[in-house]
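Participant: First, the structure itself, so that you have it in front of you.
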Amino acid sequence: MKKRNLLKSLVPLSTISVLSAVVAVSCGKAGANFPTSTENLGSWDETSSNSEFALNQANTFRADLNVTNFGSTGDYDLYSYYGSNSVNDYAKNATDYFVHKEYIGNPQFITRSTGSGASLELKYLVTRPSYSRYKLSLASAIVLNFDDGKGNKTTKVYDNDRAEIFNESEYKKSFEFIDAQGNKTTEDYWEFVEAQLTSDDPRSINNAQFRKDLKNKDLVNVQFVIRDDVKYVDVEGKWTNYKDQDNNGYKLQAEDIYNSLLLTFFSDTAARHKQGGNAFADELWRKLFASGASKKCSPTSHFPNAYVWKLYTADFNALLDRDQTLQNLSDDAQTKLKTTNDYKVKVGSPVVAKWTEAKELTNLENVLKNKVFTINVLEENRNQEDQRKFPRFDQLIDFLRLDTSLQPLPTNYVNDVNTVLARVIDKIFEGQTSEQVQVWKADFVKIEEEIQEASDVVKAAQKEHAIAKAKKAEIDADPKQTQAAKDAAEAKEKAAGTKVDNAIEALQKKQAVYEAKIKEFATWLNAKKSVLAQDLAILDQNINNYQGKKLSEIIPTGHNRNYLADFLLQMSFLDRESNAWKTGVYWLGTGSASSYVVGHYYKAPFDAANAIGSYYINQHYWEKDFVNNPNALQTINVYYRKSQADNPVKFSHDQFELFKDGKVSQLQYGTLSENDKKELEKNYSVTIRPNQIVNQENVLYRVARPLFFTFDSKKWGGLNGTKEFEFSDAYSLLMYGKTKKELVEQQVPSPTFFAGLGLAFRSVLKTSVNWYTLASNFSKQTRESFFPAMPADAYLYAEDDQYGTLNENKAEVNSLFVIDAQGNKVKLQVGNEFLDEISYEKMKAYALSKSTIEDKKYSPVAQQLKVVMKGILDKFFEENPTLKGQKIELKLESLIGTYSEELKESMRLLKTVFESLDSRIQVTLNLTNADTDQQWEERIDRVAYGGLANIYLGWNPDTDNVFSAVDGLSWEYGLAPALTYIYQITKGELKDDSKYDFERKVLENFPKIVATAEEFVQYLRDSYEGGDKAKTWLFEGVPVDKLHLIDTPYLKGEGFNKQFVQNDAGLYVQKADNPALTNEDGRDAFYTISANFWAQYPLNKKKEYLLGFFKEFSTFFSNGSDPTSQSLKTIGSFNKVVISTKYLVPFTKNSSFANWADWRINTPEEKDEAAQEANK
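Read in order, the letters of the sequence shown are residues -24 to -1, 1 to 1152 in mature numbering (1 follows the signal peptide of the UniProt record, and there is no 0).
Structure representation (structure tokens):
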């Protein structure tokens, strides 16, 4: 969920299946009776009562992954993380939230067949769901405050999580089929594998009124009353303080959550510096603690998620204000919380008996004296009647249980370590006057600044030298050039080289002075070491890096000394009253030593020798019913088995053998060989469980080719000694309208990629492949292509069909069309049919009609497309005669650590199909594994950060509106600026410019995207032009309809300043010497700009129109070229997972399986908690 901080913790994947959820559900036997709410809802099906095998370790879960765990900065950093916890087991299981969702009971299924012959289909029916409820966790109560603006203020309290009612009518369905005797039969089933229980208790958060109250237009704020019995534990599971005194540790307080938000917000460099940090401390942090992919504390790091709070009508700026966030409860709220709850559960057999309880608040008097955590409603969103225009606080509750921004930070622990840190620093300077210290520090800062200036001079000189060297090579290769010209070029290149040498020499002198100053400080430190020994040991005990090295042992790469003195010196520059100091921004969460958690499990230090990551049950968790449950999971072990990675087939078979021996808990069904699948089906069928797929939360795009070329000019382009793009100039010019050199220069972008010949070219490439064949081969028949690339089960929110989905309308949107060299839509011939587009079903039918892979890999129209491609390339080379003879060269590589044979074969398939279209197309493949940390970092650079013209999009939707997924493409992918460019070409200042005649012709085939562009520009004008509205416009100085003229780094949030000016090239760039923009400056973040537009986009449109938009978008959108970046979804509503019968695992509607805390061990005495509770 939300803009994710993914690549900082991304590990290389062996196969795409590693991304799949590990799921556990029981398979009910055929003919199972439909249960009522009085049945034994937790019992395991009879076929599994005799488990075929049990794991060697009791109450342990084990999974083996065919990857190497290189480790990363984020391994133990729960405090500054933001985004969805679904991508991070640490965030899901080692921390806790105000409210979480609790699950119980195994779902059961029956199978029924429909159709006959080739259309025969096996359908799973849910005959008993898992049950869920919202559960108060870190919050013991939630208080809502209302003000109708007429002097009437009211308060409501919700202080329990009772859930005693199951509304069957919401979930119950009927299915008609023909039985074995040919009779029409009706079978009752549940629509979803998860059924949420509710309550009639007026003070339960599971009462429907709670959600209604959160949407109430008079709501002023929501207050979370924090439990007083939540304890922090370290990586050994101890409730401890920094002195390692067990059972005398830190407890949760509201301030911890506030400070956690601050530390998360300090992901933004401008905010971090404004609150006490600085660029020199940032640079040192990266030397000591950063892994290769981490962007934390980098000059361009920013916090992108402030917009999410505004989207949910929450006041983020008020959240950053300590006094507005940490408040005392009103007398009215306290009185109501003290009032006895008179609600009585109605007589009857509850679904889950223990969920009918409403536990008393413990230590109520003490709790009510403490500060509560307050979230205010945005003033501008109060008293709004239109409940559909914006998501409301009711969705914020789900955001808070899934997002990691408020993960508790142990404030008292930070204070304790900071006390020691301050004591050490003060002792080092002891004996000098404050004036002497200030003078010495000023000299040190001066040399730091001089080094920075000298470094900039070196970079500029190197760039100048690279240009001169390239120019010399160009002149030397030109036979028309005179010797005088060649001599002049050589002289210029030598002069530039000398300039580089001189600049480096000047820098080295500055660095020598810096080292002398550090040495002087280190001398003072060494002189006091005996006195400071105990305190330095405490710092070592509490500050380490992700590899486990203590602070005093860390030697940065390329250096030959430890940086303890450097660290202490940089910390001495921090204001101890600043939030940067108070949150431990430069040391907390850097490694296991400072990991303190409050969740069901804690994460032990990584066992590098055996490559095992382990989680253990938290014996100090506040809920003793969980801790004392003998059937709860005690240990979770994840083994990283990269040693066998070069043979994925062997790895998969070895895992199957270990599974049969009870040594691993689960298997990835899709990776098994056909022989192993057959053995599994025959002898261990009970372990194969259907996994219901309801995807409202996960986009089907990750690696894509952006509409605007937004890659770092300091890294790519071949200048300044940096890396060359791994594609040809011809490809670059065809796709982006620019040569490789021009791509990284400040030039007005070309629209060719999304509205010109580049779009035509990629439409042919995309439609030439038989995506049924590729998806089937790559995924072993478990996935299918889904060209819209959006969550298939997210809602359209159409005016006439609010809860319709793309999945329900797959036949209409899952198709592609082709644009030719004249900008026309090609009539595609399939047999005797002439079609405007070709559907995935047509591709499937064609592939199934062929007998060999050589025929199956081609689209039914591949032959016809050769003529279309010839026309496109003829036109391109005619317009660019200097490139004649150069290949349209592109490279395929996947963001995967170890390539499976299926992936390699799929990449070879793409190469063959693409090259068959025209001899001028050349495709190279990188099929090697990324076996080392460095190889993985290099692969990330190429595949995710620009080398292959791809970008990694770490985004999941903010709401269940499918257009929230479209919003994820607005900025880094470039959809927002593309829309303003399309508007200008078709309706605006460029509509009569003949330069864009071809683009206008192409765009005639995308009428709904063109209409969306016009609507987007009008939205920007209505929202940000004129009066006070202009003060909230992020890009000051940039017209709202010219986002496409903003220099591309600023579209990613890099180096943001408040004001922009237009340069000679016509681009808008940051105005020099302006303070950096932060979320506190009252301007809407770019994510807010687009999020609000897409949230309201579908509300006044018919379903037919919205489906038409996605039909166009399927061709308009540009995945990366390799198989793993294609938009693949699970075939049907269920897929298969394999998990030991030892486990009873509730199933969730969207996340596939419950968190580890809800798993139970399947024992003869106690089948599962639901059974035990229902039998009471």
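For each residue, glycine too, the CB sits at the ideal point set by N, CA and C.
#1: Tell whether a beta-carbon distance below 8 Å holds between Gly560 and Tyr522.
#2: Measure the CB-CB distance between Phe200 and Phe369 and report whether it falls below 8 Å.
#3: According to DSSP, is Asp777 part of a helix, a strand, or is it coil?
#4: Whose C-alpha, out of Glu167, Ala184 and Tyr165, is nearest the C-alpha of Leu173?
#5: With 16 other CB atoms within 10 Å as the buried threshold, where does Lys786 fall?
#6: Between the beta-carbon of Asp135 and the beta-carbon of Leu337, is there less than 8 Å?
#7: In the DSSP assignment, what are the bridge partners of Ile1022?
#8: Which residue's Cα is closest to the Cα of Glu673: Asn667, Asp769, Gly713 and Phe703?
#9: Is the distance from the Cβ of Leu515 to the Cβ of Leu527 below 8 Å?
#10: Round the Cβ separation of Thr611 and Asn35 to the nearest angstrom and send it over; I've been treating them as touching at under 8 Å.
#11: Beta carbon of Ser243, beta carbon of Lys272: below 8 Å?
#12: Taking Arg38 as part of the alpha helix (DSSP H), name the residues at either end of that continuous run.
#13: Starting from His249, follow the alpha helix (DSSP H) in both directions and report where the run begins and ends.
#14: Would you be able to state if there are at least three C-beta pairs under 8 Å between the region 1009 to 1019 and the region 943 to 962?
#15: With DSSP collapsed to three states, give me the class of His629.
#16: Residues in the same chain with beta-carbon distance under 6 Å from Lys493, minus the five sequence neighbours each way, listed in chain order, please.
#17: Using the beta-carbon count (16 or more within 10 Å), is Met849 buried or exposed?
#18: Looking at Glu466 and Lys485, is the spacing between their C-beta atoms short of 8 Å?
#19: Tell me Glu429's beta-bridge partners as DSSP assigns them.
#20: Check the C-beta distance from Arg617 over to Asn42 and give it rounded, since I have them as a contact under 8 Å.
#21: Go ahead and pull the three-state DSSP assignment for Ile958.
#22: Counting beta carbon pairs with one atom in the region 743 to 757 and one in the region 913 to 931, are three or more of them shorter than 8 Å?
#23: Use the C-beta contact count for Arg399: other C-beta atoms within 10 angstroms, 16 or more gives buried, fewer gives exposed.
#24: Excluding the 5 residues flanking Pro581 on each side, which residues of the same chain have their C-beta closer than 7 Å to its C-beta?
#25: Which runs of the alpha helix (DSSP H) fall wholly inside the region 758 to 824 and span at least 4 residues, in chain order?
#26: Please classify Gly253: is it buried, with 16 or more other beta-carbons within 10 angstroms of its beta-carbon, or exposed?
#27: Check for me: the beta strand (DSSP E) holding Tyr283 runs from which residue to which?
#28: Leaving out the 5 sequence neighbours to the left and right, which residues in its chain are closer than 7 Å to Leu735 when beta-carbon positions are compared?
#29: Given a cut-off of 8 Å, decide if Thr743 and Leu792 are closer than it, judged by their beta-carbon atoms.
#30: Whose C-beta lies closer than 7 Å to the C-beta of Asn555 among residues of the same chain, with five residues either side of it excluded?
#31: What ranges does the alpha helix (DSSP H) occupy inside the region 951 to 997, keeping only unbroken runs of at least 4 residues that lie completely in it?
#32: In whole angstroms, give me the CA-to-CA distance for Ile897 and Phe890.
#33: Thinking just about the alpha-carbon of each residue, which of Val321, Asn388, Ser106 and Lys126 is nearest to the one in Asp232?
#34: Does the Cβ-Cβ distance between Ile423 and Val489 come in under 8 Å?
#35: Using only alpha-carbon positions, find the residue among Glu144, Val393, Asp194 and Leu609 that is nearest to Ala171.
#36: Taking the alpha carbon of Phe151 as the reference point, which residue from Phe627, Ser815, Glu529 and Glu167 has its own alpha carbon closest?
Facilitator: In this structure, then:
#1: no
#2: no
#3: strand
#4: Ala184
#5: buried
#6: yes
#7: Tyr1044
#8: Asp769
#9: yes
#10: 7 Å
#11: yes
#12: Note, Arg38: premise wrong, no alpha helix (DSSP H); beta strand (DSSP E) at Thr36 to Leu41.
#13: Thr245 to Lys250
#14: yes
#15: helix
#16: Phe420
#17: A small correction: the amino acid at residue 849 is Leu; Met does not occupy that position in the sequence shown. That one is buried.
#18: no
#19: None; Glu429 has no bridge partner.
#20: 6 Å
#21: helix
#22: no
#23: exposed
#24: Val211, Gly524 and Ser568
#25: 786 to 789 and 816 to 824
#26: buried
#27: Looking at the DSSP string, Tyr283 is not in any beta strand (DSSP E); the run it does join, the alpha helix (DSSP H), is Ala282 to Leu287.
#28: Phe729, Ile795 and Val978
#29: yes
#30: Leu238, Gln251 and Gly252
#31: 951 to 962 and 973 to 979
#32: 7 Å
#33: Asn388
#34: yes
#35: Glu144
#36: Glu167
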